[in-house]
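Visitor: Structure incoming, see below.
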Amino acid sequence: MSIYNIEVQTIRGEKETLAAYKGKVMIIVNTATKCGFAPQFKGLQKLYETYKEQGLAVLGFPCDQFANQEPGSNDEIAQACELNFGVSFPLYGKIDVNGKNAHPLFQHLAAEAPGLLGSKSIKWNFTKFIVDQEGRVLKRFAPKDDPADMESYIASLLGRV
1 MSIYNIEVQT IRGEKETLAA YKGKVMIIVN TATKCGFAPQ FKGLQKLYET
51 YKEQGLAVLG FPCDQFANQE PGSNDEIAQA CELNFGVSFP LYGKIDVNGK
101 NAHPLFQHLA AEAPGLLGSK SIKWNFTKFI VDQEGRVLKR FAPKDDPADM
151 ESYIASLLGR V
């Protein structure tokens, strides 16, 4: 299965696939505006602004599966991300990342880049996956990993090192 064929819904409700991101390095992350890790939005935004012209895409997928930290509607989430964190990278509709209703994108990401001890579940908000220009899922970064800690890895994938 190609990551580019997986159907997703934008935060505004339009259906699309990830085909528009072919040839780009992607950071795909499950987010929550009420999470203690929410300041990572700023770090993700900084990476996006720094590297988007070189081919980086950051894709945020809100999720309310962890301690009810994303209770709002898609409109409320979009507004909070923009106003509170200055997010301009693409956000998608709220999804589940674990369990029987887990979105196919996160099922694919978790299977391709398992976590600690081979775990396929997503442990918390702000689990970050790196996908290369050919759609290969290369690496998983834990929720506690600050986006700045990913910069050298991203830069190397973009050929900037």
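For what it's worth, full-length UniProt numbering labels the leading residue of the sequence shown as 1, then goes sequentially. For every residue, glycine included, the Cβ atom is placed at its ideal position computed from N, Cα and C. All values derive from a computational prediction rather than experimental measurement.
#1: Buried or exposed for A102, please, with buried defined as at least 16 other CB atoms from any protein chain shown within 10 angstroms of its CB.
#2: Identify, in the order they occur along the chain, each residue of the same chain with its Cβ nearer than 8 Å to the Cβ of A80, setting aside the five sequence neighbours on each side.
#3: How far does the beta strand (DSSP E) with L91 in it extend, from its first residue to its last?
#4: Would you mind stating whether G13 and Q45 have Cβ atoms separated by less than 7 Å?
#5: State the DSSP-derived secondary structure class of E70, mapped to helix, strand or coil.
#6: Quick one: give me the first and last residue of the beta strand (DSSP E) that F41 is part of.
#7: Alpha carbon to alpha carbon, how far is D146 from G43?
Guide: Based on what the coordinates show:
#1: A102 is buried by the Cβ-count criterion.
#2: The answer, listed in chain order, is T33 and G72.
#3: It is not in any beta strand (DSSP E) - L91 carries neither H nor E in the DSSP assignment.
#4: Taking 7 Å as the cut-off, the beta carbon of G13 is found no closer than this to the beta carbon of Q45.
#5: Coil at E70, not helix or strand.
#6: No beta strand (DSSP E) holds F41; the alpha helix (DSSP H) holding it covers Q40 to Y51.
#7: Each residue's alpha carbon lies about 7 Å from the other.
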